[in-house]
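The block underneath contains the structure these notes are about, expressed in C-alpha cells.
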C-alpha cells in the first residue's frame, strides 16, 4: 500500500507557499500544527505480542522517573525513528498443508479438471465434523484436500512407530488411489451389469461429453467472433487516429457473461 | 417356480419326485468334510451358511433344472451341465433350463476354487466400515506355482495389482454376479495348421446366470439383425415385382410402410455404439478358459457378514482361494516371442 | 401421486443447506424395529432389510454425491438425473435402490393391521384392464412374476399414462419411472427376437427422447436383503406369500392417480 504523505506534509507545503508569496495570510492553524507536528507514518502498526519480542514503547517513557533520578521529557531523535521495519510487513504465513497440497496437485494436475461445486452449501463448521482417521468423509468429497488432511492425521496419530512426512503422504496417496480405482470400477461394472439387463442409454459416454461441451463452446464461438471483430476494428482505427485509439470502446466485462445471458435468452 | 411352489403347498407333493434319470448334486470334498464334521468352513463361512449355499440352494437349482428339462421334454441321459450350457445359450426359449444349469455350474466352479483357511476371521462389520479404505496389502494367501505367478506378474504388474483389480471388480457388482480370472485362447492359422495360443490372462465379470465363454451368445444380435435385413430385401423385391405388374404409378402403401419401418429399424442399428462393434468382433476367434471364479452375490455375505460385510467377505475370500486348483486349470502358456528378422 | 413419490423420495433436507442422506422414518418404524413386522419379518429380518440396508444405501449415496451437482437432491431426483448418464450408473444404483426400498417398506404393515385394509373400488376397476376379475388371480400373476425372476430385482404394478395397469419386472436396480432403465430383460442367457425387438423399440424411444409417465402403485423386493435373513436362500416363495398378507392397501389406494 502506498503511504499517503499529502496530509502529513501540509505544514511544510504551507511554509513553502508563504515564503514564495503564494499565500498572503498565515492560516489560523499554522503555529499550532508547527508546534505539534503530525506523525508522518500513517501505517497501522502490527504488534508482536510475544513477551520480549518488542521494545518498550518509547512514547510511554516520557515523564517517568528514570533510574538515575532524572526525568525524560522529550523524545530523542532515535525514539522518533521508525525501527524494526520488518514488523510492519505482513508476515509470510507458512503451513505444512500448503506444501502438501502443492506437491499433490503438481503430481496430479488432472485433479483440477474434476468438476467442483463453487457455491457453499455447507455449514461453517462442516470441516470440524470430519474425522480423518479414515479417508472417506460424509461431509466433503474425496479430493486432494482429503489427502492433505489424512496425511496430517497420519503424521500425528501413527502408532506405534511415528511416520515421516513422506511415509504419511504416500500412505494417504495410496488410499486415495485405492478409492478412486474402486469408484471407477464400480461405475464401469454398474453400467455393464445394467446393459445386460436391458438398460438403454440415449447417448454414449462420448456423445454426452460432447453435448455438455457444446453447451459452453457454442455461445463462446459467437462471443469470441464478436470480440475478434471489436478487436480488429480497434486495431484499424488505432493506426488511423494515433495513440489514443478506441480502446475505451472495448467492453471490459467478461465475454462469458454476455454470451451466457444471450444464450439463455434465445433458448427461452 | 412359484406356480409349482403353490401347487406343491396345496397338494403336499415333493418337488424332488423326478422320473427316470436326473442330475445329482455333485460332491465337493471340502464342503462334504465341513458337513460331516458339522464344523465351520474356516475363515469364510459358518456351518449353517455352507448348508444353505450349497446343499440347499444347490439342490434347489438342481430341482429346478431337472423339472424344467422334463417340462421341455429334454433328454438328460448322457449329457452334462457344460453340454447343456453351450447347447442352450443361443436358445432363448429354454432360458429357464439354461439359467438353472449355468447357475449350478458356476456355483460349483466357484466353490471348488476354495479351501478353508485359518488366517481370516468371520465377523459382522458395522456401518462405520463403509468409510474405511479397503486394505491394500494385508493378505497372506498368494499363488505359489511359478508359471502362474510369472504370468500374473507380466499381465497385471504384480500380485497386489491383480488382487486389487479382482476384488474391485467384485465390489462393483451390485446384484448377482461372478468375477473370473480367464485365459484367452486365440486361434490362428487355417484349418490344416491351426494354432491354439494362450497369451493373455484377464479378469472378466458375469452377471446372473451368465457364463464366461459367451462367444456363442455374442453372435445372436448379429444373427437377428441379419434376419431383419433379409426380410427387408425380400419385401423390397416383392414391392418391385408388384409395381412392375401393376404399373409404376400404383404403389402398395401397406408394403411401403412396412419397408420404411424396417429400414428405420436397421438404420438405427447402424449407428451402433463402439461397444456393440467390439461385442461382435472381440470373440470372433477367441475362447475364454476360466481359471478362478469369485462369487460377489449378496447371498454369500448377508448370512455371515451382514449388510456391511461385502469388503470383509471378499478379503476373506481371497484368503480362501485354492491356488493349486487354479494352477491345475491353467492351460499351457504360450510365451510371446519377439524375433528380429 | 406426485406428492406421494416426492414424499417417498424425501431426504433430510429442508433448506438449501446440505445435509447427509439418512434412513427415512417409517410410519411404524419404531415398532417394527422392536417387534418386526408381524407375519413377515422378525426384528432381525427387518433390521437387515430396512435399517441396515437403507443405511448402507444412503451412506453410499452421500459419499458419491458429496460436492457434485446431486448433493442437494433427493434420491428420487438423483435417480432421474443419473439414469441416462453412462458414467454415473453407480450413483444411480444407490439412489434407485434407496428409493425402491423405501417405496417397498412404506406399504408394509402388520398382518393383523393389513388384513383390515382393502383395495379401493378404483383399484378393482383398473385391475379389470389387466384381465383379472378378482384379486387372487392378480396375486398369483404378480407373485409368479417375482418368484420366477432370476437374480435380484423388483416387481412393480405400474400405472401407464393411459391409466391402465401393467406388471413390470425390474432386474437389479431397475426403475419404473424411465423406460431406458426398466431393466426388464435378462440378456445374460439367450436373446430371443422378442427381447431384440423390445430393445430396438426402447432405443428408438430414447433416440427421440420420449418421456415416460409411468408411475408405480405396488412394489415387491426380490433382493436377497429382503428375505435371506428370515426365510433362507431358498425361501423366496414363502417370503412372497407372506408379503402379500402384509400389504397396507390404504397406502396403495392413495398412490392411484385420481383426476
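Residue numbers (full-length UniProt numbering), protein chains in the order written: chain A, 1 to 268; chain B, 1 to 341; chain C, 1 to 259. Think of the CB as a built atom: it goes at the ideal place given N, C-alpha and C, for glycine as much as any other residue.
Helix, strand or coil for residue 40 (chain C) per DSSP?
Counting from 1 along the third chain, the entry for residue 40 (chain C) is found at position 40. Note: residue 40 (chain C) maps to coil in three-state DSSP.
Just the Cα atoms here: how many angstroms apart are residue 246 (chain C) and residue 147 (chain C)?
Here residue 246 (chain C) refers to the residue found at position 246 when the third chain is read from its first residue. Here residue 147 (chain C) refers to the residue found at position 147 when the third chain is read from its first residue. Each residue's Cα considered, the two are about 17 Å apart.
Could you name the residues of the segment 130–144 of chain A whose beta carbon sits closer than 8 Å to any beta carbon of chain C, in the order they occur along the chain?
136, 137, 138, 139, 140, 141, 142 and 143
Rounded to the nearest angstrom, what separates residue 118 (chain B) and residue 173 (chain B) at their Cα positions?
Residue numbering aside, residue 118 (chain B) sits at position 118 when the second chain is read from its first letter. Residue numbering aside, residue 173 (chain B) sits at position 173 when the second chain is read from its first letter. In a straight line, the C-alpha of residue 118 (chain B) is about 27 Å away from that of residue 173 (chain B).
Relative to the C-alpha of residue 146 (chain B), which residue among B:154, B:82 and B:139 is closest?
For the purposes of this step, residue 146 (chain B) is identified with residue 146 of the second chain, where counting begins at 1. The residue with the shortest Cα to Cα distance from residue 146 (chain B) is B:154.
Tell whether a beta-carbon distance below 8 Å holds between residue 304 (chain B) and residue 23 (chain B).
Reading the second chain from its first residue, position 304 is the one you call residue 304 (chain B). Reading the second chain from its first residue, position 23 is the one you call residue 23 (chain B). No. Outside cutoff.
Three or more C-beta pairs closer than 8 Å, one from the segment 110–123 of chain C and one from the segment 78–97 of chain C: is that the case here?
no
Go through the segment 149–214 of chain C residue by residue and report every complete run of the beta strand (DSSP E) that reaches 3 residues or more, in order.
153–159 and 165–171
Any chance the segment 170–189 of chain A sits against the segment 153–171 of chain B, with 3 or more Cβ pairs inside 8 Å?
yes
Could you have a look at residue 202 (chain B) and say whether DSSP puts it in helix, strand or coil?
Counting from 1 along the second chain, the entry for residue 202 (chain B) is found at position 202. Residue 202 (chain B) falls in the strand class under three-state DSSP.
Could you list which residues in chain C have their beta carbon closer than 7 Å to that of residue 208 (chain B), in chain order?
By 1-based counting over the second chain, the position of residue 208 (chain B) is 208. The answer, in chain order, is 150, 151, 186 and 188.
Taking just the CA atoms, how far does residue 212 (chain A) sit from residue 100 (chain C)?
The residue you call residue 100 (chain C) lines up with position 100 of the third chain. The residue you call residue 212 (chain A) lines up with position 212 of the first chain. Going by the C-alpha atoms only, they are around 30 Å apart.
Residue span of the alpha helix (DSSP H) that contains residue 172 (chain B), given as start and end
In the second chain, counting from the first residue as 1, residue 172 (chain B) sits at position 172. Residue 172 (chain B) -> alpha helix (DSSP H) spans 159–172.
Extent of the continuous alpha helix (DSSP H) to which residue 150 (chain A) belongs
Residue numbering aside, residue 150 (chain A) sits at position 150 when the first chain is read from its first letter. Where residue 150 (chain A) is concerned, the enclosing alpha helix (DSSP H) stretches over 144–157.
In three-state DSSP terms, what is residue 186 (chain B)?
The sequence position of residue 186 (chain B) within the second chain is 186, counting from 1. If DSSP states are grouped into helix, strand and coil, residue 186 (chain B) belongs with the strands.
If contact is defined by three or more beta carbon pairs under 8 Å, each pair taking one atom from either stretch, is the segment 158–172 of chain A in contact with the segment 28–47 of chain C?
no
Can you tell me whether DSSP reads residue 37 (chain B) as helix, strand or coil?
Here residue 37 (chain B) refers to the residue found at position 37 of the second chain. If DSSP states are grouped into helix, strand and coil, residue 37 (chain B) belongs with the helices.
Counting along the chain, where does the alpha helix (DSSP H) carrying residue 14 (chain A) start and finish?
Taking the first chain and counting its residues from 1, the one referred to as residue 14 (chain A) is at position 14. Note, residue 14 (chain A): alpha helix (DSSP H), 10–20.
In chain order, what residues of the same chain have a beta carbon less than 6 Å from the beta carbon of residue 139 (chain C), not counting five sequence neighbours either side?
Position 139 of the third chain holds residue 139 (chain C). Contacts found: 244.
Since residue 81 (chain A) and residue 72 (chain A) are thought to touch, with beta carbons under 8 Å apart, how far apart are those beta carbons, to the nearest angstrom?
As a working note, residue 81 (chain A) is residue 81 in the first chain. As a working note, residue 72 (chain A) is residue 72 in the first chain. Not really, about 16 Å apart at Cβ, beyond 8 Å.
Express the C-alpha separation of residue 230 (chain A) and residue 241 (chain A) in angstroms, rounding to a whole number.
Your numbering for residue 241 (chain A) matches position 241 in the first chain. Your numbering for residue 230 (chain A) matches position 230 in the first chain. With a pLDDT of 46 at residue 241 (chain A), under the threshold of 50, the modelled position of this residue cannot be trusted, and the question is left open.
By the DSSP assignment, the alpha helix (DSSP H) with residue 241 (chain C) in it spans what residues?
Against the third chain, residue 241 (chain C) aligns to sequence position 241. Per DSSP, residue 241 (chain C) belongs to the alpha helix (DSSP H) from 236–245.
Helix, strand or coil for residue 250 (chain C) per DSSP?
In the third chain, residue 250 (chain C) corresponds to position 250, counting from 1. Looking at residue 250 (chain C) - three-state DSSP - the assignment turns out to be helix.
Is residue 247 (chain A) close to chain B, meaning its C-beta is less than 8 Å from at least one C-beta of that chain?
The residue you call residue 247 (chain A) lines up with position 247 of the first chain. Its pLDDT being 45, under 50, residue 247 (chain A) is placed unreliably in this model, and the value from its coordinates should be taken loosely. Taking Cβ atoms only, chain B never reaches closer than 8 Å to residue 247 (chain A), which makes this a no.
What does residue 53 (chain C) touch in chain B if you count any residue whose Cβ is under 9 Å from its own?
The residue labelled residue 53 (chain C) in the question sits at position 53 within the third chain. Those within 9 Å of residue 53 (chain C) in chain B are 307.
What are the residues of the segment 233–249 of chain C that lie near chain B, defined by any Cβ-Cβ distance shorter than 9 Å?
233, 234, 236, 237, 238, 240 and 241
Could you tell me whether the Cβ of residue 231 (chain B) comes closer than 8 Å to any Cβ of chain C?
Taking the first residue of the second chain as 1, we reach residue 231 (chain B) at position 231. No - not a single Cβ of chain C is within 8 Å of the one on residue 231 (chain B).
Let me check you understand the geometry: is the CB of residue 130 (chain B) closer than 7 Å to at least one non-hydrogen atom of the ligand COA?
The model on display carries no ligand, and the ligand COA is accordingly not part of it.
Starting from residue 229 (chain C), trace the alpha helix (DSSP H) both ways and give me its first and last residue.
Translated into positions along the third chain, residue 229 (chain C) becomes position 229. Here the alpha helix (DSSP H) through residue 229 (chain C) covers 228–231.
Let's test the definition: count the other Cβ atoms within 10 Å of the Cβ of residue 114 (chain A) and tell me whether it reaches 16, buried, or not, exposed.
Locating residue 114 (chain A) in the first chain gives position 114, where the first residue counts as 1. Looking at its Cβ environment, which holds fewer than 16 other Cβ atoms inside 10 Å, residue 114 (chain A) is exposed.
Spatial distance of residue 191 (chain C) from residue 91 (chain B) (CA atoms)
Indexing the third chain from 1 puts residue 191 (chain C) at position 191. Indexing the second chain from 1 puts residue 91 (chain B) at position 91. Near 8 Å, if we compare the C-alpha coordinates of residue 91 (chain B) and residue 191 (chain C).
Below 7 Å CB to CB, which residues in the same chain sit around residue 41 (chain B) once its five sequence neighbours on both sides are set aside?
In the second chain, residue 41 (chain B) corresponds to position 41, counting from 1. Excluding sequence neighbours, residue 41 (chain B) sits near 34, 50 and 116.
For residue 109 (chain A), which of A:223, A:143, A:219 and A:232 has the nearest alpha-carbon?
Sequence index remark: in the first chain, residue 109 (chain A) carries index 109 (1-based). Residue A:143 is the option with its Cα nearest to residue 109 (chain A).
Would you report the Cα separation of residue 158 (chain B) and residue 173 (chain A), rounded to the nearest angstrom?
If you number the second chain from 1, residue 158 (chain B) lands on position 158. If you number the first chain from 1, residue 173 (chain A) lands on position 173. The alpha-carbon atoms of residue 158 (chain B) and residue 173 (chain A) are separated by roughly 19 Å.
Please name the residue or residues paired with residue 295 (chain B) in a DSSP beta bridge.
Against the second chain, residue 295 (chain B) aligns to sequence position 295. According to DSSP, residue 295 (chain B) bridges with B:178.
For the alpha helix (DSSP H) containing residue 98 (chain B), list its first residue and its last residue.
Within the second chain, residue 98 (chain B) is the residue found at index 98, counting from 1. Segment 95–112, the alpha helix (DSSP H) holding residue 98 (chain B).
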